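Working notes, structure below.
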Amino acid sequence: MRSEGDAVIRVEGLVKTFGRARALDGLDLLVRRGEVHGFLGPNGAGKSTTIRILLGLMRADSGTATVWGADPWRDAVRLHSRIAYVPGEVTLWPRLTGGQCIDLVGRSLGGLDPARRAELVERFRLDPTRRTRDYSKGNRQKVALVAALASGAELLVLDEPTSGLDPLMERVFQDCVREAVAGGATVLLSSHIMGEVEALADRVSIIRDGRTVSSGTLADLRRHTTTAVHAVTDTDPRALERVGGIDDLRIDDAGAGRFDVRCHVPAPRLAEVTGLLHAAGIHTLTATPPSLDELFLSAYSGAGDRR
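First residue of the sequence shown? That's 5 in the numbering used here, and the numbers climb one at a time after it.
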């Protein structure tokens, strides 16, 4: 298990205001070395403001934000040599080709691995000879992704990086991120594609109104929620009615003398419920933990206000 001493990004009590609007209101964030950290929240929650502060593009009003222990505002130039950033809206030089843009961005990152660059261009199915003014949004994203992933950067800051990519290219992106992490990189991933974050993230932070409302692994976040259970049993499992904390319990006739059972079970009671179902003779059993979508919505309904 990684410790807090492995922190690449550490944010504590971060506050940023724009006039009367409070974009960040005491936000906390910890990203450990070698992990993919999902950074979630709707538009206006403070994600982009946090990222700009971490990149040294904006200064916080109060609180602390460090990257490898350094202040991103004071040490921006030194830190940028170790960081690759991919925004959700990529703007390129319209008269340059995609390949020229990749190389130009790559030079700002300290150079690219030529073999890795060529491999990524092929995997993302990018034509590097076309001028970027003729590119679709998805192809502009590919240019930024190829440059970032071929740079060997120690920290990848990805803000809606697959915006405009089709599902096949999203899968390529996920494979490339896993490869980067296996090679020692750390990733801060902000995305509205919950399946993407769920597939990649070791830990997740959900923010609301400029504050962190939930943070931890998916398993950590699921401990405060319920699992949907659907079973067909050979005998009547009425003993389930005595289990505390079960919601929406329904026991119906499934035909052929069997019983159809549906309920939502809190994590601490799951073993007990499974045992009672087993005693009733399990014909089929499905237990579905909440998806990241559901955890996100739970955080925004107030049920996830736990640090």
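The C-beta atom is built at its ideal place from N, Cα and C for all residues, glycine as well.
The structure displayed is predicted, hence computed values, not measured ones.
Secondary structure of residue i, DSSP reduced to three states
i	result
S219	strand
I250	coil
D256	strand
V233	strand
T288	strand
H84	helix
D224	helix
A74	strand
G103	helix
S209	strand
V277	helix
R111	helix
L61	coil
R134	coil
V94	coil
A151	helix
L116	coil
One or two residues paired with residue i in a DSSP bridge
i	result
S194	F43 and D163
Y139	Paired residues: none, contrary to the question.
V125	According to DSSP, which records beta bridges pairwise, V125 is partnered with nothing at all.
D29	V19
P270	T230
S66	V19
D264	V236 and D256
A11	R36
Whole-Å CB distance - residue i paired with residue j, under 8 Å assumed
i	j	result
P171	T229	No, P171 and T229 are not in contact; Cβ-Cβ is about 28 Å, not under 8 Å.
G90	A152	Checking the sequence shown, residue 90 turns out to be Val, not Gly. So it is a contact: roughly 5 Å between Cβ atoms.
P98	R135	7 Å
V265	T231	Between T231 and V265 the Cβ distance is about 13 Å, and since that is not below 8 Å, they are no contact.
H41	L169	Rounded, the Cβ-Cβ distance is 21 Å, inconsistent with contact.
L58	A69	6 Å
D163	G248	Their Cβ separation, rounded to whole angstroms, is 43 Å, which puts D163 and G248 out of contact at 8 Å.
R212	G30	Actually they are not in contact, since the Cβ atoms of R212 and G30 sit about 12 Å apart, beyond 8 Å.
D256	E39	Between E39 and D256 the Cβ distance is about 44 Å, and since that is not below 8 Å, they are no contact.
E200	T221	Contact flag wrong, Cβ pair sits at about 17 Å.
Proximity below 7 Å, CB of residue i to CB of residue j
i	j	result
A291	V217	no
A284	T239	yes
G102	V176	no
R144	V94	yes
I87	L159	yes
V236	L204	no
L14	L34	Residue 14 is actually Arg in this sequence, not Leu. Contact flag set, yes.
L61	V71	no
C267	I286	no
V12	T190	yes
E202	L296	yes
D10	R37	yes
L124	G67	no
A25	T53	no
T21	D65	yes
Any non-hydrogen atom of the ligand SAH within 6 Å of residue i CB
i	result
D213	With respect to the ligand SAH, the structure shown offers nothing to examine, as it has no ligands at all.
Residue i burial status per 10 Å Cβ neighbour count (16 or more: buried)
i	result
N47	exposed
S140	exposed
A260	exposed
E16	exposed
G114	exposed
D224	exposed
H282	exposed
V208	buried
S155	buried
R262	buried
E183	exposed
A119	exposed
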